C-alpha cells in the first residue's frame, strides 16, 4: 500500500529486480 | 577509527560490500536502524536496508520442501509486491515462476519486523552492546528467541548480530560459519557513523 516506508520500498524494489536478473541468468531460454 | 556520516543511500553499498567481499558465504545482510535519539532513550530497531545475496552453493535441482499451497501463497504475495512497486498489475504468467526459496521468504518477512528494548536477536545485541554469533541449528533453537527459531525453520545455520553506532548489522547464512574477528572489525569500520 501507499504507506509502505520509503526504505522498505527501495529495498523491496532492489530485491525484486535482483530476483528477476537471477531468474533470467539461470533460465534455459537465456542461452 | 574513521567515522562516516549516516547516509541512508550508502547503506546498500556497505551491506553489499560486506558480504560480497567476505570469505564466508553469507546469504543476506540487514541493517536494523535504531530510532533512539540518544543513549538514554528507549530504542526501536526497524528495517534500515537489506541485501539478499542468496545461496551460492545450493544446487539448482534441490527439491522443494515447502508445500504446493505455501509456494502458491509466496508467489501470490511476490506478484502483489511487484505490482505495488511497479504500479501496474503483473500478468499471471510473467515472472514469479521460480520457486520462492525459504531464505528469500525469511528476508521478505524481515522487512515487516521491528524490535523493542532488547527484544529479539538484534535488540539483544543493541541492548548489551555485544555481538551475538549463533552458529549451528541446535544453538539457534536454544537461543529462546523467535527470530532465531524462525531463521532455523527457514534453513539458516548461522545468524550474527553486530551492534554499531546507529543500529545493528545482521548477517545470516545457510552454512555453518564460525566467529570471525575480521568480519566484526569490518562491520565496525563500515558502520561506524558519527551521529
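Chains as they are written, first to last, in my numbering: chain X, 47 to 77; chain A, 9 to 203. Positions of the beta carbon are idealized from the N, C-alpha and C atoms, including for glycine. Since this is a predicted model, take the numbers as computed values, not measurements.
Coarse secondary structure for residue i, derived from DSSP in three states
| i | result |
| --- | --- |
| residue 123 (chain A) | strand |
| residue 27 (chain A) | helix |
| residue 77 (chain A) | helix |
| residue 34 (chain A) | coil |
| residue 62 (chain A) | coil |
| residue 54 (chain A) | strand |
| residue 130 (chain A) | helix |
| residue 186 (chain A) | coil |
| residue 162 (chain A) | coil |
| residue 135 (chain A) | helix |
| residue 43 (chain A) | coil |
| residue 201 (chain A) | strand |
Cutoff 6 Å; reference residue i; Cβ partners in own chain excluding five residues on either side
| i | result |
| --- | --- |
| residue 58 (chain A) | 38 |
| residue 76 (chain X) | Interpretation of residue 76 (chain X) is limited by its pLDDT of 48, a score under 50 that renders its predicted location unreliable; no figure is taken from the coordinates. |
| residue 169 (chain A) | 129, 130, 133, 140, 176, 178 |
| residue 124 (chain A) | 52 |
| residue 110 (chain A) | 162, 163 |
Closer than 7 Å to chain X by CB, residue i
| i | result |
| --- | --- |
| residue 119 (chain A) | yes |
| residue 69 (chain A) | Low confidence applies to residue 69 (chain A): its pLDDT is 48, below 50, so where it sits in the model is not reliable, and the reading given next is rough at best. Not one chain X Cβ lies under 7 Å of residue 69 (chain A). |
| residue 90 (chain A) | yes |
| residue 36 (chain A) | no |
| residue 80 (chain A) | no |
| residue 93 (chain A) | yes |
| residue 106 (chain A) | yes |
| residue 183 (chain A) | no |
Segment limits, beta strand (DSSP E) that includes residue i
| i | result |
| --- | --- |
| residue 143 (chain A) | 140 to 143 |
Listed by chain order, chain X residues near residue i by CB distance under 7 Å
| i | result |
| --- | --- |
| residue 57 (chain A) | 53, 57 |
| residue 187 (chain A) | Under the 7 Å cutoff, chain X gives no residues; its nearest Cβ is about 27 Å from residue 187 (chain A). |
Range covered by the alpha helix (DSSP H) that runs through residue i
| i | result |
| --- | --- |
| residue 181 (chain A) | Premise fails: residue 181 (chain A) lies in the beta strand (DSSP E), 175 to 181, not in any alpha helix (DSSP H). |
| residue 117 (chain A) | 110 to 118 |
Own chain residues within Cβ distance below 7 Å of residue i, not counting five before or after
| i | result |
| --- | --- |
| residue 33 (chain A) | 64, 65, 181, 183 |
| residue 56 (chain A) | 19, 39, 40, 41, 175 |
| residue 145 (chain A) | 160, 165 |
| residue 113 (chain A) | 82, 162 |
| residue 153 (chain A) | 128, 129 |
| residue 186 (chain A) | 143 |
| residue 43 (chain A) | 51, 52, 54 |
Proximity test, Cβ basis, 7 Å: residue i and chain A
| i | result |
| --- | --- |
| residue 76 (chain X) | Only weak support is given to the placement of residue 76 (chain X): the predicted model assigns it a pLDDT of 48, under 50, and the value that follows is read from those uncertain coordinates. It does not: the Cβ of residue 76 (chain X) has no partner Cβ on chain A nearer than 7 Å. |
Nonlocal neighbours in the same chain, by C-beta distance under 8 Å from residue i, ignoring five residues either side
| i | result |
| --- | --- |
| residue 23 (chain A) | 37, 38, 39, 57, 58, 59, 177 |
| residue 151 (chain A) | 129, 142, 157 |
Chain-ordered chain X contacts of residue i [CB-CB under 9 Å]
| i | result |
| --- | --- |
| residue 16 (chain A) | 52, 53, 56 |
| residue 21 (chain A) | By Cβ distance, chain X contributes nothing, its closest Cβ being about 11 Å from residue 21 (chain A), past 9 Å. |
Beta-carbon neighbours of residue i, restricted to chain X and to distances below 8 Å
| i | result |
| --- | --- |
| residue 62 (chain A) | 68 |
Handout entry: Selection of the segment 146 to 161 of chain A by Cβ proximity to chain D, strictly under 7 Å
Key = The structure shown contains no chain D; the protein chains it does contain are X and A.
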